[in-house]
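For the sequence shown, the numbering used here begins at 1 and goes up steadily by one.
Think of the CB as a built atom: it goes at the ideal place given N, C-alpha and C, for glycine as much as any other residue.
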Amino acid sequence: MDIVLSQKTDKPIYTQIYEQISAQIMSGELAAGEKLPPIRTVAVNLRISVIPVKQAWEQLEREGFISTAVGRGSFVSELAHHEISDKRNSTAEELLAPGVSTCREMGLSLKEVQDIVGKLYDA
Numbered sequence: 001m002d003i004v005l006s007q008k009t010d011k012p013i014y015t016q017i018y019e020q021i022s023a024q025i026m027s028g029e030l031a032a033g034e035k036l037p038p039i040r041t042v043a044v045n046l047r048i049s050v051i052p053v054k055q056a057w058e059q060l061e062r063e064g065f066i067s068t069a070v071g072r073g074s075f076v077s078e079l080a081h082h083e084i085s086d087k088r089n090s091t092a093e094e095l096l097a098p099g100v101s102t103c104r105e106m107g108l109s110l111k112e113v114q115d116i117v118g119k120l121y122d123a
């Protein structure tokens, strides 16, 4: 499990942690049933307070990415293929919606936007 925090973003630390771990789960990098390191260990490794790590874990659990058992730790949840697909699609839509809206306001056609996205995707 790799987490890289950036000081050059407006995103809170817990959001950065949540986004990176959820992406690793959706990509299969973190497998179902895999045990996550303890919150305190992650905080120490990242040299941050326990609070943002705890917030990230709570959000991951609320959204079904992990489950926590008292005394046992936190584990990547068993997500059905369609659940992973739904989460990936909704995440992509959230990220792309503002840009697509801006492109539409600038008068770009769907084809032009698709060409731009294709170019960026291949970069």
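8 Å CB neighbourhood of residue i in its chain, flanking five on each side removed
i: W57; result: L36, I39, I66, T68, S74
i: K11; result: E19
Sequence-distant residues of the same chain with beta carbon closer than 6 Å to residue i, five excluded per side
i: A32; result: V76, E78
i: E34; result: V76
Cα-Cα separation between residue i and residue j, rounded to whole angstroms
i: I3; j: Y14; result: 11 Å
i: E93; j: C103; result: 15 Å
i: I25; j: E63; result: 12 Å
i: G107; j: K87; result: 30 Å
i: L96; j: I51; result: 30 Å
i: G118; j: R72; result: 44 Å
i: I48; j: K8; result: 16 Å
Helix, strand or coil at residue i [DSSP, three-state]
i: S90; result: helix
i: G64; result: coil
i: K54; result: helix
i: G118; result: helix
i: S22; result: helix
i: G73; result: strand
i: K111; result: helix
Contact set for residue i: own chain, Cβ-Cβ below 7 Å, skip 5 residues either direction
i: E61; result: S67, T68
i: Y129; result: Look at the range of the chain in this structure, 1 to 123, and you will see that residue 129 is not part of it.
i: V53; result: I17, I39, V42, A43
Min CB distance residue i to chain D below 7 Å
i: K119; result: Included in the structure is just one protein chain, with no chain D present.
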